[in-house]
Structure formats: C-alpha cells, structure tokens
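Engineer: Just so you know, we're using the numbering used here here: the sequence shown kicks off at 5 and counts up by one.
My questions will all concern the structure given below.
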Amino acid sequence: WDDRVSDHLPDFRMADPWVTQEFTVRDLLTHRSGLGSGAGDLMLWPEPAGFTRQEIVHNLRHLKPVTSFRSEYAYDNLLYIVAGEVVASICGVSWETFVQTRILDPLGMACFSGDIPPDFLTNIATPYGTIDGEIVPISRNAIDGRVKVLGPAGGLICNASGMATWMMTQL
Numbered sequence: 005w006d007d008r009v010s011d012h013l014p015d016f017r018m019a020d021p022w023v024t025q026e027f028t029v030r031d032l033l034t035h036r037s038g039l040g041s042g043a044g045d046l047m048l049w050p051e052p053a054g055f056t057r058q059e060i061v062h063n064l065r066h067l068k069p070v071t072s073f074r075s076e077y078a079y080d081n082l083l084y085i086v087a088g089e090v091v092a093s094i095c096g097v098s099w100e101t102f103v104q105t106r107i108l109d110p111l112g113m114a115c116f117s118g119d120i121p122p123d124f125l126t127n128i129a130t131p132y133g134t135i136d137g138e139i140v141p142i143s144r145n146a147i148d149g150r151v152k153v154l155g156p157a158g159g160l161i162c163n164a165s166g167m168a169t170w171m172m173t174q175l
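Here it is as structure tokens:
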C-alpha cells in the first residue's frame, strides 16, 4: 500500500514533481490526490472515448490540482485505472485476468472483469438516458462483452446472485 506508484509505473507523473515522488498505491485509492472531483473523466466518457490506459496514466501530468495533496476528498475514476495498471505491473497479468482468476472465479461468482462469453450476453440490462426530454436507450454504453478501459474504476459485469456472493464474502 505504501509503495510509490512511480516505482511500478515509471511513466506516472502528476502536475507537481513532489506529489509524483510521494504518491503511493494507497493514495490512488483514497480520493485525496488534490485533483478535482471527476478530473479527467472525459478520457473515459462518453464511450468509446478512445484513450488507452497507458495514455490515461501519461495524461495525468496535465491535470491541474485544485487542492493540496492529501488535504481534501474528491472522487476520481482515473486513479483507479492507474491502480489497475499497478496491479498489472506487479502481477504480470492484466487487471482483468487478476480479478477474474484471483477473486471472481475462486468465489464462484458468475461475474466478469474482462471479456464476457457470448452465452452470458443473452439477458443483460440496457442503459437509458434522457435526450430532448425523452427516455431512450444509450447504445454506446451497452454491455457488449468487450474489455473496457474503465474496468478498474468499477467496470465489473455481474448479476444479482454474484453481487449477493460478494456481499456474503464481505460479511
């Protein structure tokens, strides 16, 4: 938890060199980076935004902080993507493979962190939104079975049974 992010991801940089040097894995997960809430989210949404995880890690250096490091809470998706890249760097497999083989499969959860087999795409939710006052399906955000860049920021695909298993594991 206290490893420096730059020790695992040499391309990791924040706008401030001191913050870059002091930024730990724990800092990635606590929303106290100094960035504003949702900073850089346009690199993720609307999908497909076209950025790779490596580009997101690289582009963090261009995001200006709005508070001092570790002083205030501000929700940030991008740093969870960075955390996923740290997992990949340490374990030598993608974040998706790590989560699937080390967490979901051993728990017997019919959930997916990466590609979803076509057999599991037969009964899935469709996202909806309001456009011009009308509620319509938003097909670009539909579950299509492919790995998403935003996976480490909460991109698991799971059913109610799998979520109940996760809840029981936590309890």
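Each residue gets a CB set at the ideal place from its N, CA and C atoms; glycine is no exception.
As the structure is a computational prediction, the values presented were derived from the model and not from experiment.
1. Using 8 Å as the Cβ pair cut-off and three pairs as the minimum, do the region 65 to 79 and the region 28 to 40 touch?
2. Quick one: what does DSSP say Glu-26 is sitting in, helix, strand or coil?
3. Kindly indicate which three-state DSSP category Pro-21 falls into: helix, strand or coil?
4. Measure the C-alpha to C-alpha separation of Ser-98 and Glu-89 and round it to an integer number of angstroms.
5. Would the region 80 to 96 and the region 46 to 63 be scored as touching if the rule is three or more Cβ pairs under 8 Å?
6. By how many angstroms is the C-alpha of Leu-39 removed from the C-alpha of Met-172?
7. Let me check one thing: in DSSP terms, what residues is Thr-56 bridge-paired to?
8. Pull up the distance between the alpha-carbon of Ser-41 and that of His-35, whole angstroms please.
9. Beta-carbon within less than 8 Å of Gly-112's beta-carbon, same chain only, minus the 5 sequence neighbours each way: which residues are those?
10. Return the first residue and the last residue of the beta strand (DSSP E) that Ile-107 is part of.
11. Which same chain residues, not among the five before or five after Gly-149, have their C-beta less than 7 Å away from its C-beta?
12. Can Ile-139 and Pro-131 be called in contact, C-beta distance under 9 Å?
13. Can you find the residues in the same chain that come closer than 7 Å, C-beta to C-beta, to Lys-68, ignoring five residues on each side of it along the sequence?
14. Take Val-9 and list the residues in its own chain whose beta-carbon comes closer than 6 Å to its own, dropping the five residues that flank it on each side.
15. Distance, Cα to Cα, Arg-65 vs Val-151?
Structural biologist: For this structure:
1. Yes, the region 65 to 79 is in contact with the region 28 to 40.
2. Of the three classes helix, strand and coil, the one that applies to Glu-26 here is helix, per DSSP.
3. Helix at Pro-21.
4. Cα-Cα distance, rounded: 8 Å.
5. The answer is yes - the region 46 to 63 touches the region 80 to 96, with three or more Cβ pairs under 8 Å.
6. Straight across, the Cα-Cα distance linking Met-172 with Leu-39 is about 34 Å.
7. As DSSP reads the structure, Thr-56 sits in no beta bridge.
8. Ser-41 and His-35: Cα-Cα distance of roughly 9 Å.
9. Taking C-beta separations shorter than 8 Å and ignoring five residues to either side along the sequence, the partners of Gly-112 in its chain run Thr-169, following chain order.
10. Element bounds for Ile-107: n/a, residue is neither H nor E.
11. Cβ neighbours of Gly-149 beyond the five flanking positions: Asp-119, Ile-120, Pro-122, Leu-125.
12. Going by C-beta atoms, Ile-139 is not nearer than 9 Å to Pro-131.
13. Excluding sequence neighbours, Lys-68 sits near Ala-19.
14. Scanning its chain for C-beta atoms nearer than 6 Å, with the 5 sequence neighbours on each side dropped, one finds around Val-9 the residues Phe-16, Phe-27, in chain order.
15. So the alpha carbons of these two residues sit roughly 25 Å apart.
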